[in-house]
Amino acid sequence: MTQALRILVIDDNPGDRALIIRQLQRQLADLQAQEIRDNSELLSAVAADQFDLVITDYQLHWSNGLEVLRTIKQHYPTCPVIMFTNTGSEEIAVEAMKSGLDDYVLKQPNSYIRLPATVRVVLERAEIQHRAALLEIRLQSLLNQLKVGVFRSNSGGDLLECNRSFLDLLRVDSLTQAQAILQPLLQESYLQLISLPPPQHQEREIQVRRADGTLIWTLLSTTLSMIENETVVDGLIEDIIARKQAEIERTQLNETLEQRVRERTIQLEQANSQLADTNQKLADANQDLEEFAYSISHDLREPLRAISGFSSILLTNPGEQFDAKRQDYLRRIVDSTQQADRLIEDLLSYSRLSRTDIPLQPINLSLLVPEILRQLEPELQQRQARVRIEEPLAEVMGNRTILTQVITNLVTNAIKFVPPEVKPQVRVWSEQQEKLIRLWVEDNGIGIAKEYHEQIFKVFNRLHSNEVYPGTGIGLAIVRKGVERMGGQVGVESELEKGSRFWIELPKTTD
Ligand code: ADP
9 MTQALRILVI
19 DDNPGDRALI
29 IRQLQRQLAD
39 LQAQEIRDNS
49 ELLSAVAADQ
59 FDLVITDYQL
69 HWSNGLEVLR
79 TIKQHYPTCP
89 VIMFTNTGSE
99 EIAVEAMKSG
109 LDDYVLKQPN
119 SYIRLPATVR
129 VVLERAEIQH
139 RAALLEIRLQ
149 SLLNQLKVGV
159 FRSNSGGDLL
169 ECNRSFLDLL
179 RVDSLTQAQA
189 ILQPLLQESY
199 LQLISLPPPQ
209 HQEREIQVRR
219 ADGTLIWTLL
229 STTLSMIENE
239 TVVDGLIEDI
249 IARKQAEIER
259 TQLNETLEQR
269 VRERTIQLEQ
279 ANSQLADTNQ
289 KLADANQDLE
299 EFAYSISHDL
309 REPLRAISGF
319 SSILLTNPGE
329 QFDAKRQDYL
339 RRIVDSTQQA
349 DRLIEDLLSY
359 SRLSRTDIPL
369 QPINLSLLVP
379 EILRQLEPEL
389 QQRQARVRIE
399 EPLAEVMGNR
409 TILTQVITNL
419 VTNAIKFVPP
429 EVKPQVRVWS
439 EQQEKLIRLW
449 VEDNGIGIAK
459 EYHEQIFKVF
469 NRLHSNEVYP
479 GTGIGLAIVR
489 KGVERMGGQV
499 GVESELEKGS
509 RFWIELPKTT
519 D
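The working numbering numbers the first residue of the sequence shown as 9 and each following residue consecutively.
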């Protein structure tokens, strides 16, 4: 429920007072009017503070309307006062308005009717002013709570207003002290803003020296605005020490990181060059070792040949007669020396593979394989072996000498590791692959158990005694090393007693 409107009616004339009250009651519902007839009634009403609006005549026998107005406004600055008189003048009206009068109505017979409307307008205006005042207070308190400095300055760089944080940021107590610090900066801001196109706005990170001499980093945001025909600068100033500090730390961290990366790179480069040195030394040492083995092997063959030669002479010379036992010893000496000689020769071939650079050239297998078979003709005939070549064989990139040795070793094994009662049957063919050629050598021999497929390609790995299948255990090692040095691979598919298929893969020729 809204409260009744309480009005003080101040007039010497009881008839006028009654008329005023009657007119108001006609149009304003719920009205409480209090008639004031002298100064004491006015003072007690003012003391009681139970009215919302005052209507006063100018000429009173105990005072005048201006005095009444001042008394009311002194105690209640926002309480609306209307002067309703026929004795006033223009000067009085102007004077009264200056003192805060809310409206001035000339008392004439027909103006009584207008009074309620005037009261309404005055009340509404007072209400609006009241709300505006409240808003102003709220705004000010918000501005003061803000952690950001808010200010307004004019074209001369003079500060017009600011909030609490603004003063705190500069460590001053008043606008004047703040002015002393910022005036040149504010004027400069104004000059910069007027030279900008709309919206005339600017953000700058600047250092400000505060009243206590300390220097801080701030973000200054300024905008040019028009307030009551005056161009002003509205601005925000924010302490960005924490952000700046973080930026500095980040830059330092980046620099440290970069420095560390540089140091690590140098260390890695040094380690790499040391590694390259070590590799070179190893390669040199390997080469020395190989050369040593090579020359030793050469030297060993001389005495071996001598032993073998002299033993053969003793065995075959009819002048020398030995009993059966000594003859057997001599035969064994001859066999052992021959075996040792084969071994040394194979080792020499093997070590030769790692000694030199290996030049590669296109080799037509259809020509090379038959040539190798011609060389092996005596062994083939002796074992009654049959070798079938499935023409055409492909062309590969390889080294003729090494490839000859590789294929020779494979074919020799294919006819060697066959049970004595079986006639060896060998099949040779080639297969085109994407970038490689695969050459197969298949036999009908004793086969190889799966667990030895890898092992047999290593030096001296033999699966049989020399008595059953003679050999040195180097043949397949030469095959693997030779093929690898030509950029290829080797392998075998085999099962015990079901024959073997050895394959070598070599690069295709580029035509
Ligand atoms: P070697 O022939 O001198 O014994 P290799 O290095 O040529 O030496 O072969 C190693 C071993 O692999 C042989 O002793 C044999 O046991 C096995 N082997 C090689 N080729 C065949 C084959 N075609 N069939 C069965 N076994 C084989």
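Backbone N, C-alpha and C define an ideal beta-carbon position, used for all residues, glycine too. On a predicted model such as this, the values are computed, not experimentally measured, just so you know.
May I ask you to report which of helix, strand or coil DSSP gives residue i?
i	result
Ser173	helix
Lys458	helix
Arg25	helix
Leu201	helix
Leu471	coil
Val59	For the record, residue 59 in the displayed sequence is Phe; it is not Val. In this structure, Phe59 counts as coil in the three-state DSSP scheme.
Met9	For Met9, the predicted structure reports a pLDDT of 44, less than 50, and the residue's modelled location is therefore unreliable. The matter cannot be settled from this model.
Gln295	helix
Asn287	helix
Lys155	coil
Val76	helix
His69	coil
Arg488	helix
Leu244	strand
Pro311	helix
Gln215	strand
Leu194	helix
Pro370	strand
Ile100	helix
Lys431	coil
Met405	strand
Ile15	strand
Gln497	strand
Gln137	helix
Measuring only from the beta carbon, is residue i closer than 8 Å to any heavy atom that is part of the ligand ADP?
i	result
Ile410	no
Ala393	no
The alpha helix (DSSP H) that contains residue i, what's its start and end?
i	result
Ala41	Looking at the DSSP string, Ala41 is not in any alpha helix (DSSP H); the run it does join, the beta strand (DSSP E), is 39-44.
Asn417	408-424
Val342	332-361
Leu388	385-390
Contact defined as beta carbons within less than 8 Å: I believe residue i pairs with residue j. What is the distance between those atoms, to the nearest angstrom?
i	j	result
Met91	Tyr112	5 Å
Leu418	Gly496	With 8 Å as the limit, Leu418 and Gly496 do not qualify as a contact, their Cβ atoms being about 13 Å apart.
Ser508	Val498	So it is not a contact: roughly 13 Å between Cβ atoms.
Arg160	Leu147	Wrong, their Cβ atoms sit about 13 Å apart, outside the cutoff.
Ile315	Thr345	5 Å
Pro117	Gln35	Contact doesn't hold; Cβ gap of about 17 Å is too wide.
Ile63	Ile18	7 Å
Lys489	Tyr358	7 Å
At what residues does the beta strand (DSSP E) containing residue i begin and finish?
i	result
Met91	89-93
Arg446	444-450
Ser7	An answer regarding residue 7 cannot be provided, because it is not within the stretch 9 to 519 covered by the chain.
Leu228	223-235
Tyr112	111-114
Leu514	508-515
Glu527	Given that the chain is displayed from residue 9 to residue 519, the structure contains no residue 527 and the question cannot be resolved.
- Check each residue's C-beta against every heavy atom of the ligand ADP and list, in chain order, those closer than 7 Å. Asn417, Asn421, Ala422, Lys424, Phe425, Asp451, Gly453, Ile454, Gly455, Ile456, Ile464, Asn469, Arg470, Leu471, His472, Tyr477, Gly479, Thr480, Gly481, Ile482, Gly483, Leu484, Ala485, Ser502, Ser508, Phe510
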